[in-house]
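Student:
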Amino acid sequence: MASAADLQAPDAERRVFWVAAAVTVVLDLITKLIAEASLLRTPGIAVVGDWFQLRLVYNQGAAFGLHVGPYSRWIFFGVALVAVFVLARMSKDAPPGDRFRQLALGLVAGGAAGNLIDRIRSGRGVVDFLDVGIGALRWPTFNIADIAVSCGAIALAISLWREDARRPEPESASAA
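According to our numbering, the sequence shown is numbered sequentially starting from 4.
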């Protein structure tokens with residue numbers, strides 16, 4: 004019978020998690036600093052006409068500007084901090100050989116950490132600067148961390164679905 008240690012992801016595979024998280028945090032921070040430096044005094048910069056613009060927005064809430072009152076900054080700070088620790092634990096407990104899951108978890112953790120850093124460094128909120136839409140129909144402004152969280156969450160769902168699909172059916176269900 005395999006021990007719990009045998010069922011945990013090896014260190015080499017966990018590097019995928021840590022590298023994905025670190026690269027996400029670094030890219031997110033660099034792009035946010037550039038956005039603040041270049042967009043602070045402009046209403047926005049059209050990159051692809053009206054469809055894609057760079058526009059500086061400070062988001063004090065969660066995704067899509069969700070607020071939970073005057074303590075939103077600290078509530079979302081706590082949620083992001085817990086999420087990073089839970090994701091690191093999920094990385095450690097991931098099935099051996101599942102580098103795709105390590106990548107997915109690293110992207111989500113890096114994105115959460117990137118927005119967490121913004122909550123620490125400024126009371127203004129998380130720096131968002133990517134604006135997509137047509138005319139008044141616009142997606143909420145977002146950043147690299149948000150992209151990493153979204154892509155990582157989709158990849159994690161795929162990884163979990165693939166793991167579930169590989170599990171054999173219980174004998175009672177196949178006998179029916």
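All residues carry an ideal CB built from backbone N, CA and C; glycine is no exception.
For the alpha helix (DSSP H) holding F80, just list the boundary residues, first then last.
Tutor: S75 to D96
Student: Run through the DSSP bridge pairs and tell me what D131 is partnered with.
Tutor: V60
Student: Which of the three DSSP states is assigned to A139 in this structure?
Tutor: Residue state, collapsed to three classes: coil.
Student: Tell me which residues share the same chain as A182 and place their Cβ nearer than 7 Å to its Cβ, disregarding the 5 neighbours each side in the sequence.
Tutor: Summary: the structure shown does not reach residue 182, with the chain confined to residues 4 through 179, and so no result is reported for it.
Student: Looking only at its own chain, which residues have a Cβ that is under 7 Å from the Cβ of D131, when we skip the five neighbours before and after it?
Tutor: V60, N62, T144, F145 and N146
Student: Quick check on D149: does DSSP put it in helix, strand or coil?
Tutor: helix
Student: Going by DSSP, which residues form a beta bridge with F55?
Tutor: V51 and V135
Student: For I161 versus L32, is the C-beta distance shorter than 9 Å?
Tutor: no
Student: Do A148 and G117 have their C-beta atoms within less than 9 Å of each other?
Tutor: yes
Student: May I have the straight-line CA-CA distance separating V26 from G100, to the nearest angstrom?
Tutor: 21 Å
Student: Between F80, E166, S153 and Q56, which lies nearest to R141 when the distance is taken from Cα to Cα?
Tutor: Q56
Student: In angstroms with no decimal places, state the Cα-to-Cα distance between E174 and A168.
Tutor: Between the C-alpha atoms of E174 and A168 there is a straight-line separation of about 16 Å.
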